[in-house]
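Comments concern the structure below.
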Amino acid sequence: MDESIPDVWMPLIAANHTGEKLVLLFDYDGTLTPIVQHPWLAKLAPRTRELLSQLASLPRVHVGILSSRRIEEVEQLVGIPNLFYSGHSGIEVKLGNTTTVHPTALRSSQTIEEAVRRLCPIEHVYPGAWVERKRYGFTVHYRGVAPSLVQEVHTRILGFLERWSDRLRIVEGPMAVEAVVAGTWTKGDAVRRIVEHVGEPVFVLYAGDAANDKEAFDVVTARGGIALGVGPLAPPSATVQVEDPDTLVEWLDILPPALQQPAPVET
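Numbering-wise, the sequence shown is residues -18 to 248 according to the numbering used here.
Okay, structure coming up:
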C-alpha cells in the first residue's frame, strides 16, 4: 500500500477493500471548522465541502455530520444533500428523509425557556458572555469575556446550572458550556442509530474535538473503529489525535484516491 498513507487510515482502507461499509462521521465546530468568536462565523471551507462530497459519492461509503447545532442549521452550513445529520448533540437524527427527535426533548421546552430566561442577565454582568438559545437546549458562550474574568464567569455558569442538574445534561466546550435536555440521546446514540440504518458489516470513523464527543468516541472504540481527536480539548479516549481542523482536512485529502485504488493482490 502507498507509504504516504498515514498508518491510522490502514484499518479503514483494509475494511473497505474487504467489502465492509464505511461510516465516516464528523463533528462540525472545532472539527471541520476552527473555533471562532461567534457560531455564525464558522463557515465550511470549499475544499472541506468538496472532500466530504467526494467521500460520500464513493461506493459503500456513508458520511454524516453530528453537531450541537440545530439540525437544519448544520444541514445549511454543510450544504451537501444525502448525508446523515444529527443536531443538538444527538437529540435529533436525520436518516434519509426522516428526522427523529427524542420524545423527552419534545416535552421539555418549558424547562429550556425558564433556564434561558434566568441566565440571560449574564450578558449584562459579564460583557462578552451571551446565551445561545436552541430548540432543545442552550449554550452559554464566554469567549468574548475579559481574560481576567474568564475563570470567574466559568465558575458562575456551572454554579448556576447545578440547580438544573436533574433536568439538564451539562457538557463543557471550548470557552462555552452546553446544556441539553437530560435523559435524551447523545452523539453516541446517534452513531448507533446511523450504523443500524446502514447495516453491518460496518467500519466507523468519528472525528470530534470536545467533551460532547466522548459518547461517540466510546461507541466507536468499542466497535474497533477510529476515534479521531481534533485539537487539545478532544476527549482522552481518542485513538488518534490531529492538531487542528486544517490537519484533519490534509489527512482526509488522502482518503478518496486511496479508497478508489484496487485492493492489493496477495502473493
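Idealized CB from N, CA, C, for every residue including glycine.
Just so it is clear, the structure is predicted and the values come from calculations on it, not from any experiment.
Three-way DSSP call (helix, strand, coil) for residue i in this model
| i | result |
| --- | --- |
| T202 | helix |
| H43 | strand |
| Q132 | helix |
| T79 | strand |
| L22 | helix |
| Q222 | strand |
| A188 | strand |
| S34 | helix |
| V230 | helix |
| I52 | helix |
| R28 | helix |
| R216 | Here residue 216 is Pro; the residue named in the question, Arg, does not match the sequence. P216 falls in the coil class under three-state DSSP. |
| S89 | coil |
Status (buried if at least 16 other CB within 10 Å, exposed otherwise) for residue i
| i | result |
| --- | --- |
| V246 | Residue placement at V246 cannot be trusted, given a pLDDT of 46 that sits under 50; what the coordinates show is reported in the next sentence. Result: exposed. |
| P166 | Contrary to the premise, residue 166 reads as Trp rather than Pro in this sequence. Under this definition W166 is a buried residue. |
| A191 | buried |
| V106 | exposed |
| G60 | exposed |
| K24 | exposed |
Residue(s) in a DSSP beta bridge with residue i
| i | result |
| --- | --- |
| V74 | S67, T81 |
| V211 | V223 |
*Do the region -4 to 13 and the region 185 to 204 meet, that is, are 3 or more Cβ pairs less than 8 Å apart?*
yes
*Counting Cβ pairs, one atom from each stretch, are 3 or more of them under 8 Å apart for the region 79 to 91 and the region 160 to 175?*
yes
*Which ranges would you report for the beta strand (DSSP E) in the region 99 to 185 if only whole runs of at least 3 residues count?*
111 to 114, 118 to 122, 149 to 154, 157 to 162
*Enumerated in chain order, which unbroken segments of the alpha helix (DSSP H) with a length of 4 residues or greater are wholly contained in the region -12 to 15?*
-9 to -2
_Cβ contact check for the region 34 to 49 and the region 212 to 226: 3 or more pairs under 8 Å_ = no
_contact_flag[the region 63 to 83, the region 173 to 183] where n(CB pairs < 8 Å) is 3 or more_ = yes
*Examine the Cβ distances between the region 63 to 70 and the region 40 to 49 and report whether three or more of them are shorter than 8 Å.*
yes
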